[in-house]
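To keep things clear, I will list the structure first and then write my remarks on it.
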Amino acid sequence: MAQPCPAQFLDPASETAAIERSVGSSAVARASGIVLTPPDLALQLAAATLPQSYTETLRVLDPACGTGRLLTAAARIAAERNISIEMFGVEHHQALADACREALPDAHITCADALAHTFPPDIDVVLMNPPYRGRMRTNNDAITTLTDALSTRFGDRLGPYADPAAGFMLLGLDLLSAGGRLGVIVPVSIVAARDAAQVRSALSRTCDTVTCWSAPAAFEAQVHTASLVMERRPESRDTPCPWPSMLASAAGVPLIDTIPAATIGAIATATADFRDEYYALRDHLVECDVCDNAVGLLTCGLVEPGLHLHGQRPARVLGTRWQAPGVRRASDIEQLLAQRLVPKVIVATQTPLIEAVADPEGQWLPVTPLIRVSPEDPDHLWRIAVSLFAPQASALALHRHFGAGRAPATLRLRAKDVEALPLVDDSPSLAAAIAALQSVTPASLIQAGHACAAAWGPFPDGLLDWWVSRLPRRLMGQ
Ligand SMILES: C[S@@+](CC[C@H](N)C(=O)[O-])C[C@H]1O[C@@H](n2cnc3c(N)ncnc32)[C@H](O)[C@@H]1O
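So the sequence shown is numbered by my numbering: it starts at 1128 and just counts up by one.
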């Protein structure tokens, strides 16, 4: 049945009243996974998911429809494209289902639990913005109930700690007919989370990703999201998940196509410490300038691209602020120090670019979550430093690991991810890059970036500008 158009989003006062009738307050609503999609984003997702034209009636479903924002957006886009649509929605809160019916009187809205519901067949488009764990974290009962229902339905297709949104993606996939499209808004962490790996592979095997983009937490969801639009293939085939790289491209991260064959792991070992090793330092912390023989300690906050700011910037270690943190040598940490006070490159985490600094003398003690990269042969240390400093390494890492950090385009590399990054070839331009990096200062960061990019090899237009735009402003005097 065609929806009379243009459909209107329900007025905010009616939506608020429906939410209050269903769960009480907006805080409880958020903790119950009820966060309505902003109309602009709903329209953007519907526009990207619906076909440009369709000769029959398009059957559109939202299995967690709330007050019907995504369905309303679909109705509006369909009207613009002259497409006739029939809409289906399921919502487990009666008051929200009623509000959705009010917004879309011709749609088929059912009040039911989507995870136990029998849906109509031949669905062409599934749109959804399901509940997320990040939004619900203050409501453990709701998370437990939902997680139990999802594991009953999907069993080991979902990892034990998978976000509920990943389970809803499997539901969306199950509901879609061949050639049908799924448009979802999910936490960006699903793109990288270990417990969503099976969901990623199920969707990559069965669907082509048509488009995707990520957005920092712009609405009350307080979760950085990724919008993914997929089309179900007639037949499954094994395909690596394209989302991290597609999301990186959508976020403007240049694509690197010249990639040295060797990896850092071929000549070095990357290691991340456990929290226990960090706590072992507790009784030995000192200010370096008041203790002879102290070992300087580096934290993530002190590491910058190519350099560190120990003694120039204060740092927090185990809850205390230090001007120049260090540890006093003592027998109970002797072994810990001996393993770490070796030539290495130290890599920070949760950074917009790879931020790594060489420690050729082995004089600095990195603390978790810093990663230390120790070459088998110390002569290779600067080659590793150049490989990590090269702007290509940061762009490539974002294409591989987009979504792993706290914010969408923030890097959080694991030790094995660092080992898998390319090692620049030993060429004449490597020597120039090493010289630039050995003497780098905040004022010469950009020149060092150019030299390391050249040592890596050819690079795409825009790479250096992109990299410079992500250098820490605090270092550049801005
Ligand atoms: C994030 S809101 C999105 C609502 C709407 N689709 C939108 O985009 O504005 C998720 C909705 O899913 C509903 N929901 C959660 N679990 C459900 C379930 N098992 N069955 C049906 N609806 C569910 C919630 O009540 C909530 O209204």
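All residues carry an ideal CB built from backbone N, CA and C; glycine is no exception.
Asked                                                                                                                                 : Found
Alpha carbon of residue 1588 to alpha carbon of residue 1217, nearest angstrom                                                        : 48 angstroms
Local conformation of residue 1483 per DSSP, three classes                                                                            : strand
Touching by the beta-carbon criterion (3+ pairs, under 8 angstroms), the region 1478-1491 and the region 1386-1393                    : no
Supposed close pair residue 1282, residue 1324 - CB separation, criterion 8 angstroms                                                 : Rounded, the Cβ-Cβ distance is 15 angstroms, inconsistent with contact.
Bounding residues of the beta strand (DSSP E) (the contiguous stretch that carries residue 1373)                                      : It is not in any beta strand (DSSP E) - residue 1373 instead sits in the alpha helix (DSSP H) that spans 1370-1377.
Backbone CA spacing between residue 1339 and residue 1354 [nearest angstrom]                                                          : 5 angstroms
Alpha helix (DSSP H) segments (min. 4 residues) lying fully within the region 1326-1410                                               : 1370-1377 and 1402-1406
Candidates 1202, 1495, 1190 and 1326: closest to residue 1407 by CA position                                                          : 1495
Beta-carbon proximity check, residue 1189 vs residue 1198, cutoff 7 angstroms                                                         : yes
Cβ shell of residue 1554 (< 8 angstroms), same chain only, five flanking positions each side left out                                 : 1582
First through last residue of the alpha helix (DSSP H) which encompasses residue 1593                                                 : 1590-1597
Beta-carbon gap between residue 1241 and residue 1191 smaller than 7 angstroms                                                        : yes
Ligand 1 heavy atom lying under 6 angstroms from the CB of residue 1240                                                               : yes
Exposed unless 16 or more other CB atoms sit within 10 angstroms - verdict on residue 1193                                            : buried
Proximity test, residue 1235 beta-carbon vs ligand 3 heavy atom, cut-off 6 angstroms                                                  : By its list of ligands, the structure shown excludes ligand 3, since it contains just ligand 1.
Stretch pair the region 1495-1513 + the region 1440-1454: three plus CB contacts closer than 8 angstroms                              : no
Distance, residue 1220 Cα to residue 1147 Cα                                                                                          : 11 angstroms
Nearest-angstrom Cα separation, counted from residue 1479 out to residue 1605                                                         : Residue placement at residue 1605 is poorly supported in this model, since its pLDDT is 48, which falls under 50; the coordinates still yield a value, given next. Roughly 17 angstroms separates the two Cα atoms.
Endpoints, the beta strand (DSSP E) within which residue 1280 is located                                                              : Residue 1280 -> not in any beta strand (DSSP E); alpha helix (DSSP H) instead, spanning 1267-1281.
Short Cβ contact (7 angstroms threshold) for residue 1318 with residue 1258                                                           : no
Neighbourhood of residue 1279 by C-beta distance below 8 angstroms, restricted to the same chain and skipping five residues each side : 1242
Inter-residue spacing [alpha-carbon to alpha-carbon] between residue 1428 and residue 1497                                            : 10 angstroms
Residues of its chain near residue 1175, where Cβ-Cβ distance is below 8 angstroms and the 5 sequence neighbours each way are ignored : 1310, 1337, 1338, 1354 and 1356
Closest by C-alpha distance to residue 1210, when choosing among 1186, 1232, 1223 and 1233                                            : 1186
Cβ-Cβ distance between residue 1071 and residue 1395 below 7 angstroms                                                                : Within the shown structure, residues of the chain are numbered from 1128 to 1605, placing residue 1071 beyond reach of any answer.
Contact belief for residue 1534 with residue 1351 at Cβ below 8 angstroms, rounded distance in angstroms                              : 6 angstroms
Cutoff 8 angstroms; reference residue 1291; Cβ partners in own chain excluding five residues on either side                           : 1160, 1257, 1258, 1259, 1260, 1263, 1270, 1273, 1274 and 1277
Residue 1289 to residue 1373 span [Cα, whole Å]                                                                                       : 22 angstroms
In DSSP terms, what residue 1235 is bridged to                                                                                        : 1215
Close-in-space but distant-in-sequence residues of the same chain around residue 1463 (CB under 7 angstroms, 5 per side omitted)      : 1404 and 1407
Cβ separation of residue 1163 and residue 1196, assumed to be a contact under 8 angstroms, to the nearest whole Å                     : 5 angstroms
For residue 1677, the first and last residue of its enclosing beta strand (DSSP E)                                                    : This structure cannot settle anything about residue 1677, because the visible part of the chain is limited to 1128 through 1605.
Rounded separation between residue 1567 and residue 1578 - CA only                                                                    : 11 angstroms
Inter-residue Cα distance where the pair is residue 1525 and residue 1575                                                             : 21 angstroms
Distance between beta carbons of residue 1529 and residue 1375, contact taken as under 8 angstroms                                    : 5 angstroms
Anticipated Cβ contact below 8 angstroms, residue 1413 with residue 1446, distance rounded                                            : 16 angstroms between Cβ atoms; not a contact.
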